[in-house]
Structures are given as C-alpha cells and as structure tokens.
Amino acid sequence: METGINLILLASIVYMVLGGVHAYLTQFTKAMEPAKPEVLELNKSSHSNITTQTTLWSGSIGFHLSHSLGLFIFGLFYFALAIDNPELISSSMFFSLAIVLVPILYLFLSIKYWFIVPTIGLGLSCAFFILGLVLISP
59 METGINLILL
69 ASIVYMVLGG
79 VHAYLTQFTK
89 AMEPAKPEVL
99 ELNKSSHSNI
109 TTQTTLWSGS
119 IGFHLSHSLG
129 LFIFGLFYFA
139 LAIDNPELIS
149 SSMFFSLAIV
159 LVPILYLFLS
169 IKYWFIVPTI
179 GLGLSCAFFI
189 LGLVLISP
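Going by this note's numbering, the sequence shown opens with residue 59, and the numbers climb by one from there.
Written out as structure tokens, the structure is:
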C-alpha cells in the first residue's frame with residue numbers, strides 16, 4: 059500500500075510541476091510566443107469568429123494559464139487525497155476512474171499536439187497513477 063501511495067504522490071508532483079512550469083513559461087518568458095514576430099503581431103490584432111471581445115493572443119494566454127491551473131489542481135487534489143485518505147481513491151468509483159482517465163486523456167493530447175518533454179512527464183505520471191491505484195486497491 060505504501061508503494062502505491064508513494065507512486066500517486068510522485069505522479070501528483072509531476073502534474074503540479076508541469077502545471078507550474080507551464081504557467082511560469084506563459085507569464086514570464088517568451089516561450090509561448092510564435093517564433094515569427096509578424097505572427098505574434100497578427101495574433102495580438104486578430105480575433106476569432108466566435109467573438110471580437112478578445113484577441114487570439116489574449117485567448118491563447120488564457121488557455122495556457124487555465125491549462126496550467128487544471129494540471130496543478132489535478133495534481134494537488136490527488137496529492138492531498140493520497141496523504142489524507144488514500145482508501146477513498148480505491149474505494150470510490152469516481153476517484154478510481156478519474157485517476158486513470160484524466161492522465162490517459164492528457165497523455166493522448168500530448169502525443170497528438172504537444173512536444174516530447176510534457177509527453178514524457180505525462181507518460182511517466184500516467185503509469186505511476188495507474189500502478190499506484192493497482193497497488194492501493196484491495
């Protein structure tokens with residue numbers, strides 16, 4: 059049981075780190091900016107067809123930050139649950155499904171749309187979450 063809890067804690071930390079690093083890179087570096095300055099200017103002056111109330115650039119920043127928040131909160135939630143009440147993870151159908159499905163979905167998104175660094179982190183944490191769940195289950 060202890061090994062399973064530790065794997066869930068480790069996977070949760072990976073999620074929190076990925077979320078935190080993503081937010082930092084979005085807010086404090088140019089990492090999320092297009093490589094071509096003219097594309098950045100177009101993004102800052104263009105809007106999507108759904109609304110004129112924001113630009114593509116502002117929407118992109120909001121997306122990146124909300125994505126970061128989702129990763130961080132998911133990791134924090136399972137970190138706290140693994141420390142305070144690990145039995146609830148394995149005894150609740152909802153928490154058991156979420157600890158498997160959410161990481162698998164993030165991993166598929168990463169494989170399809172992102173690059174290798176988050177894919178490796180998400181792949182490892184996905185394996186740790188699933189193995190941790192198996193090890194803490196009765």
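Ideal Cβ positions, reconstructed from N, Cα and C, are used throughout, including at glycine. Since the structure is predicted, the reported quantities are computational estimates derived from the model, not experimental observations.
Contact between the region 100-116 and the region 163-182 is absent: fewer than three C-beta pairs spanning the two stretches fall below 8 Å. Looking at the backbone, the Cα of residue 103 and that of residue 63 are separated by about 48 Å. A buried status is given to residue 70, since no fewer than 16 other beta-carbon atoms sit within 10 Å of its beta-carbon.
Distance from the CA atom of residue 61 to the CA atom of residue 67, rounded to whole angstroms, is 10 Å. Counting only unbroken stretches of 4 or more residues, the alpha helix (DSSP H) elements lying wholly within the region 93-136 are 95-103, in sequence order.
An exposed status is given to residue 196, since fewer than 16 other beta-carbon atoms sit within 10 Å of its beta-carbon. Residue state for residue 61 is assigned as helix, using DSSP reduced to three classes. Nearest C-alpha to residue 122 among 106, 91, 156: 91. It is roughly 10 Å from the alpha-carbon of residue 144 to the alpha-carbon of residue 150. Here residue 176 carries a helix assignment [DSSP, helix/strand/coil]. Out of 88, 79, 59, the CA that lies nearest to the CA of residue 124 is found in 79.
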